[in-house]
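Number of protein chains: 2
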Amino acid sequence: MNADAKKIALRMIPYGIYVLTADDGKTVAAATVNWVTQTSFAPPLVAVAIKADSHAYAVVKNAGTFALNMLGKDGKGAAFTFFKPAEAADGRIGGQPYTKGATGAPLLTAAPAAVECRVKQIVAEGDHHTVIAEVVEAHLPKPPTGRPDAAILEMKDLGDNVFYGG
Amino acid sequence: MNADAKKIALRMIPYGIYVLTADDGKTVAAATVNWVTQTSFAPPLVAVAIKADSHAYAVVKNAGTFALNMLGKDGKGAAFTFFKPAEAADGRIGGQPYTKGATGAPLLTAAPAAVECRVKQIVAEGDHHTVIAEVVEAHLPKPPTGRPDAAILEMKDLGDNVFYGG
Chain Y
166 MNADAKKIAL
176 RMIPYGIYVL
186 TADDGKTVAA
196 ATVNWVTQTS
206 FAPPLVAVAI
216 KADSHAYAVV
226 KNAGTFALNM
236 LGKDGKGAAF
246 TFFKPAEAAD
256 GRIGGQPYTK
266 GATGAPLLTA
276 APAAVECRVK
286 QIVAEGDHHT
296 VIAEVVEAHL
306 PKPPTGRPDA
316 AILEMKDLGD
326 NVFYGG
Chain G
166 MNADAKKIAL
176 RMIPYGIYVL
186 TADDGKTVAA
196 ATVNWVTQTS
206 FAPPLVAVAI
216 KADSHAYAVV
226 KNAGTFALNM
236 LGKDGKGAAF
246 TFFKPAEAAD
256 GRIGGQPYTK
266 GATGAPLLTA
276 APAAVECRVK
286 QIVAEGDHHT
296 VIAEVVEAHL
306 PKPPTGRPDA
316 AILEMKDLGD
326 NVFYGG
């Protein structure tokens, strides 16, 4: 396989930027992720690939639930904050205030939207494992004014040479 | 769950547009898809959710291989062509010329890039099933000049009210 062609072809896939959050009762985790897609309408399912050796993955597995917090165009700071492990204390994680959702998953106050998900299956293949989960709750504190997919922070908004994929 | 919040939050996920192709030796299938994400670097894996009652899904299952043909900004016609079932004859499908890739999967001549994939696992949950597959070959006949993720045809390029998700 031509490694360069593989890298560039895979980098053509456009990505939004999300903060994945989970709370297993012992620890709160928050991590920036981008490998996300819907996978079913009925029931509403999403797939998210999470680094298999990460703290966030361990907490999601334990909790069985998580939230995907959609970041807005002003969410670049939050995106970079949660590239590294973040500590939770006093209703904040990585400095960001949050509340608890219906599933117990943290909802970032700054996020314009979030979906809460219940894990259905995990595909343990590769360096990230793919979590297939049902959307069981949704929050839209700041509804987008135009197309919803024009309102989310995107990988290409993070910098000319920022990629996660390839 | 607030159905409207769920719809809009899920529609915040940005999508590229791909023509999924497969050839099981009996039939050639081509279908426009958008529920795609990378899921691992090593090995390189992707997830694609395919309508479970579709012809394309049956052919992918039989073949065990498929290609994701990335469409360019000029690929709107192809995107709409493969929203409906397409017939293959004389080296064309839906009017689009194609060649056979290393895995046997059809490669659309008009696509600026394509990855050929081998199915690893299928998650049979929901109205679309999620195929986890390894990228085993890549083609880049028309390398993008800027960011690769700025060169792909996106859902939002198809029309103000065109969505597949929510």
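Line by line, the protein sequences are chains Y and G. With this note's numbering, letter number 19 in the first sequence gets 184, and the count goes up by one each step, no holes. With this note's numbering, letter number 54 in the second sequence gets 219, and the count goes up by one each step, no holes. Using N, Cα and C, we set each Cβ at its ideal position, and we do this for glycine too.
Item to check | Every unbroken alpha helix (DSSP H) within the stretch 286-317 of chain Y, with a cutoff of 4 residues, ordered by chain | outcome: 313-316
Item to check | Reference residue 292(G), options 216(Y), 210(Y) and 166(Y), closest by Cα | outcome: 210(Y)
Item to check | Local Cβ density within 10 Å of residue 188(Y), reported as buried at 16 or more and exposed below that | outcome: buried
Checklist entry - Hey, is residue 303(G)'s beta-carbon within less than 8 Å of any beta-carbon in chain Y? => result yes
Checklist entry - What is the C-beta distance between residue 318(G) and residue 181(G), in whole angstroms, given that I count them as a contact (C-beta under 8 Å)? => result 7 Å
Item to check | Rounded separation between residue 264(Y) and residue 283(Y) - CA only | outcome: 18 Å
Checklist entry - Would you call residue 325(G) buried or exposed, if buried means 16 or more other Cβ atoms sit within 10 Å of its Cβ? => result exposed
Next on the checklist: Using 8 Å as the cut-off, can you tell me whether the stretch 240-251 of chain Y makes contact with the stretch 197-206 of chain G, which would need three or more C-beta pairs spanning the two stretches below that distance?
Outcome noted: no
Item to check | Residues bridged to residue 234(G) [DSSP beta-bridge criterion] | outcome: 184(G) and 279(G)
Item to check | Backbone secondary structure at residue 258(Y) - three-state DSSP | outcome: strand
Checklist entry - Do you know whose CA, among 166(G), 171(G) and 176(G), lies nearest residue 311(Y)'s CA? => result 176(G)
Checklist entry - Between which two residues does the beta strand (DSSP E) harbouring residue 214(G) extend? => result 210-216
Next on the checklist: Measuring alpha carbon to alpha carbon, tell me which residue in 269(G), 290(G) and 286(G) is nearest residue 298(G).
Outcome noted: 286(G)
Checklist entry - What's the gap between the Cα of residue 184(Y) and the Cα of residue 274(G)? => result 38 Å
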